[in-house]
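Peer 1: Once you've had a glance at the structure underneath, I'll fire off some questions.
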Amino acid sequence: MVDHSMGKPGRRSERALLRIPIRVEGEDVRGNPFFEVTSTLVVNRSGGLIMAWHQLEPGSMIKITNMENQVSACFQVITRASRSLSGTPEWGIKCLEPNVEIWGVYFPTKAEEPCQADLVHVLLECQECFSREMAALTVQQYRRLLAQSSLPRYCPKCRATKDGKLGFVEAELHHVSPSLAAAAGSELPAREGGDLRQDKRLVVKLPVVIRLADGSEETSTSENISKSGLCFSCNLEMKVGDRVYVSVAAGTPVEQRDIPSRVVWRRPVDEKGRALYGIKLEEPG
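One gets the working numbering by counting positions in the sequence shown from 1 and adding 342 to each.
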């Protein structure tokens, strides 16, 4: 079963909040055939979380086609999410064809990652073939990537070392018709997160420390970042408009300064109080 929890261990590969336009085909709970153009919210090596207005039956089989690369695979519906991040019904799914890389993203297993602490997981895109990888980088490699805007990386598809650049949360829709692109264009924080949508969001998972005005704090991991803000999940109770202070735990002691920020949107993740937050930095980070 796919683990859709935020910030909890137990997944077979790193998870990414990644929006990929997809076509879903199958039968609904009444046995009626349907198809729907929608998008993913979360993807990993073995499945993901998708939006779909049609009512699906847990245990049923559906066919999903990635509208970006036209690759299809069969999936099993695992469960309906108890909490919706998008405002639409969301469904946990498991891929029944593990050898098909439908998402266009290579997810290394935990065993394939470097055996060291303080790894930074980022979505890298090959600048030659545009294949993507959820790469585990050392802090030094991540700093080099930021400084040079690219990082030499072996690309399995090119079978050579090519420059990789940071990939965006929203998949590039080069191969999707304008009508399909519009249908897949709704945003995760569509209402509260309007300010954050001005900047491209990058899939970067950095350790961050969130501090509240009363001194309480929690260490979490960013889901994505932009020039003006970031997204993360945590157990701290915050409301839209609250001021918080954020620091990146992977930096040097000099760089680990508190950056004043504001909560601009909030989405409950589970019944225990954990939520996904979007914050806007009040000064350059």
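Glycine residues also receive a C-beta, built at the ideal position from the N, C-alpha and C atoms. All figures in this text were calculated on a predicted structure; none of them were measured in a lab.
I need the straight-line Cα distance from PHE449 to GLU432, nearest angstrom please.
Peer 2: Near 22 Å, if we compare the C-alpha coordinates of GLU432 and PHE449.
Peer 1: Please classify TYR496 as buried or exposed, where buried requires at least 16 neighbouring CB atoms within 10 angstroms.
Peer 2: Classification for TYR496: exposed.
Peer 1: Buried or exposed: which applies to PHE377, given that a residue is buried once 16 or more other Cβ atoms fall within 10 Å of its Cβ?
Peer 2: By the neighbour-count rule (16 or more Cβ atoms within 10 Å), PHE377 is not buried but exposed.
Peer 1: Check each candidate in PRO610, ASP584, VAL590, ASP612 and name the one with the smallest Cα separation from ARG604.
Peer 2: Nearest of PRO610, ASP584, VAL590, ASP612 to ARG604, Cα basis: ASP584.
Peer 1: Rounded to whole angstroms, what's the CA-CA distance from PRO440 to SER388? Just pull it up for me.
Peer 2: Cα to Cα, PRO440 sits roughly 7 Å from SER388.
Peer 1: Near VAL636, which residues of its chain fall below 6 Å by C-beta distance, leaving aside the five closest residues on each side in sequence?
Peer 2: Only positions 343 to 627 of the chain appear in this structure, which leaves residue 636 out of reach.
Peer 1: If you run the structure through DSSP and keep just helix, strand and coil, what is LYS614?
Peer 2: Note: LYS614 maps to coil in three-state DSSP.
Peer 1: In its own chain, which residues sit with a C-beta less than 8 Å from the C-beta of ALA415, not counting the 5 before and 5 after it?
Peer 2: So the qualifying residues of the chain are LYS405, ILE406, CYS437, LEU438, GLU439, VAL442, ILE444.
Peer 1: Which residues in the same chain have their Cβ closer than 6 Å to the Cβ of GLU367, if we skip the five residues on either side of it in sequence?
Peer 2: Here the set comprises PHE377, LYS405.
Peer 1: Label THR561 either buried or exposed according to how many other C-beta atoms from any shown protein chain fall within 10 Å of its C-beta, with 16 as the threshold for buried.
Peer 2: THR561 is exposed by the Cβ-count criterion.
Peer 1: Would you check if the distance between the CB atom of SER575 and the CB atom of LEU548 is smaller than 9 Å?
Peer 2: In this structure, LEU548 does not lie closer than 9 Å to SER575 by Cβ.
Peer 1: How about THR382 and ARG361: do their beta carbons lie closer than 9 Å?
Peer 2: It is a contact, given that the beta carbons lie within the stated cut-off.
Peer 1: Roughly how many angstroms lie between the CA atoms of VAL413 and ALA502, to the nearest whole one?
Peer 2: So the alpha carbons of these two residues sit roughly 24 Å apart.
Peer 1: Are the beta-carbon atoms of GLN469 and LYS504 separated by less than 9 Å?
Peer 2: Contact flag set, yes.
Peer 1: Applying the 10 Å Cβ sphere with the 16-neighbour rule, what's the burial state of SER565?
Peer 2: It is Glu, not Ser, that sits at residue 565 in the sequence shown. Buried, because 16 or more other Cβ atoms sit within 10 Å of the Cβ of GLU565.
Peer 1: What is the DSSP secondary structure of ALA453, counted as helix, strand or coil?
Peer 2: ALA453: helix per DSSP, three-state reduction.
Peer 1: Can you tell me which of ILE392, VAL588, VAL511 puts its alpha carbon nearest to the alpha carbon of LEU623?
Peer 2: Answer by Cα proximity: VAL588.
Peer 1: For TRP607, does the count of other Cβ atoms within 10 angstroms reach 16, so buried, or fall short, so exposed?
Peer 2: Classification for TRP607: buried.
Peer 1: Pick out whichever of LEU544, ILE567, GLU579, ARG543 has its Cα sitting closest to the Cα of GLU559.
Peer 2: Among LEU544, ILE567, GLU579, ARG543, the Cα nearest to that of GLU559 is on GLU579.
Peer 1: Pick helix, strand or coil for GLY506, following the three-state DSSP scheme.
Peer 2: It is a strand residue.
Peer 1: Residues in its own chain within less than 6 Å of ARG543 by CB, not counting five upstream and five downstream?
Peer 2: Excluding positions up to five away in sequence, the list reads VAL511, ASN566, SER568.
Peer 1: For VAL550, which residues from the same chain have a beta carbon less than 8 Å from its beta carbon, with the 5 sequence-adjacent residues on both sides left out?
Peer 2: The residues are THR561, SER562, THR563, SER564, LEU572, PHE574, VAL588, SER589, VAL590, ALA591.
Peer 1: Using only the alpha-carbon positions, how far apart do GLU467 and LEU391 sit?
Peer 2: Those two C-alpha atoms are separated by around 22 Å.
Peer 1: Is DSSP giving ARG609 helix, strand or coil here?
Peer 2: Strand at ARG609.
Peer 1: Let's see if you can read the secondary structure: which residues bound the beta strand (DSSP E) around ALA415?
Peer 2: Run containing ALA415: 414-422, per the beta strand (DSSP E) assignment.
Peer 1: How would you write the range of the alpha helix (DSSP H) that ARG486 sits in, first residue to last?
Peer 2: Counting along the chain, the alpha helix (DSSP H) containing ARG486 begins and ends at 481-490.
Peer 1: If you measure between the beta carbons of ALA394 and THR430, is that distance less than 9 Å?
Peer 2: Yes, these two residues count as a Cβ contact at 9 Å.
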